Amino acid sequence: MKKKNALKSPLISFVVLTYVIFFVFFMIIGISIVIGAPERVTSILQIIAAWSSTFAFIILFKKIYPAIRLKDFVKKQFAPRISFSVLSTVVIIQIIIVAVTILLLSDTNDTQNSAILFTSPGLLLIAFLDSLVRGPLGEELGWRGYALNELQKKYSPLRSALIVGVLWGLWHIPLWFATGYTGVSLIKYILLFMIGILSFSIIVTLFYNLNKNLVIPIVIHQLFNYSLVVIKGDLLDIIVYVMLSYFVVALILIVINPKEILYKKSIWK
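UniProt numbering applies: residue 1 is where the sequence shown begins, and numbers increase by one.
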C-alpha cells in the first residue's frame, strides 16, 4: 500500500521543483545586479541557484523515500570503493580533450603564448574551488544520485543518460541568454551546448555505472566545467572544440561497449 503523502510522479516533481528554485534565484540574481548589490551577495545567490537540484531533492526526499533517512542515502552514494582505473581513465580522457582544444585554438588566436587564462597556481586553485562549489558539488546528488539511478530502474543506461541530459541541459536555459550572444551566435551556442551536455551525460553514465560512487560524476563534471573556465579564448570557439570532443568520445564509448554498458537494461536498486 502506498503512503498517503507519497508523490505520484516523484521524478517529475523533482525536475519541476529544481527548475522553479533555479529560475526564481536567477531572477533574484538579476535584480541584485540591477540594484547594485555587493558582489559577495551575488556570488552567494549564484551558488544557491547552482545547488537547486540538491535543495529540491532534500525538500522532496521524505516523499520520495519515506523509509530511508537522507543521511543514509547520501552515505550510500559515496560508499563503494573508488576504482583507480575508472577514475584515472576519466581524468586522462578529459586531459586529452583539453589538450586537443588548446592545440586547435592555437591556430586561431594567441593561446600558443598562454594556453590557460590563469598562470598563477593560486588563481588556478581558486578557480578550481569556485568551479567545484558552483557546479558539481551542488548538482550531482540530484541529477545523478537520484534522477539517473531512478531512470535506470526502468530504462537502458543510454536512454536514461539522454533523458537526464535533456532535462539537465534545459535547466541551463537562463544561462544561455546570460552569455551575451544573440542571433546566429546564440543558436550556435545552444546547439553546441546541448550536443556537449548529451554527450557528457552518456560518458558520465557509463563510468558511473562502472563505479557507483558519486565521486566519479563529480570529478567528470568538475573537469568539464573547469576546462571551460581556464582555457584561454572566446567562449564560443572553446565550446566548439570541447563539446564536439565530448561527442566523439561518447560515440567511441558506445561503439566499444554497446551491450554491456549502454544498451543493457539496468538492475540498479
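For every residue, glycine included, the Cβ atom is placed at its ideal position computed from N, Cα and C. In this text, all values refer to a predicted model and were calculated from it rather than measured experimentally.
Same chain only: Cβ atoms within 8 Å of E140, ignoring 5 sequence neighbours per side: L214, P217, I218, H221
Ordered along the chain, which non-local residues of its own chain (more than five positions away) have a Cβ less than 6 Å from that of K8? none
Considering Cα atoms alone, identify which of V16, A127, I48, I47 is closest to S227. A127
Hey, I97 and V249: beta-carbon distance below 9 Å or not? yes
Can you grab the Cα-Cα spacing for the pair L210 / W171, in whole Å? 26 Å
Contact the segment 136-156 vs the segment 195-210: 3+ CB pairs below 8 Å: yes
Is the beta carbon of I21 less than 9 Å from the beta carbon of F55? yes
How long is the line joining the alpha carbons of residue 272 and K232, rounded to whole angstroms? The question about residue 272 has no answer here: the residues shown for the chain are numbered 1 through 269.
Which residues bound the alpha helix (DSSP H) around L124? 121-134
Roughly how far, in whole angstroms, is the beta-carbon of W168 from the beta-carbon of I197, given that I think they are within contact range, below 8 Å? 6 Å
Confirm, please, whether the CB-CB distance from G142 to S53 is below 9 Å. yes
Go ahead and label P258 buried or exposed: buried means 16 or more other beta carbons lie within 10 angstroms of its beta carbon, across all protein chains shown. exposed
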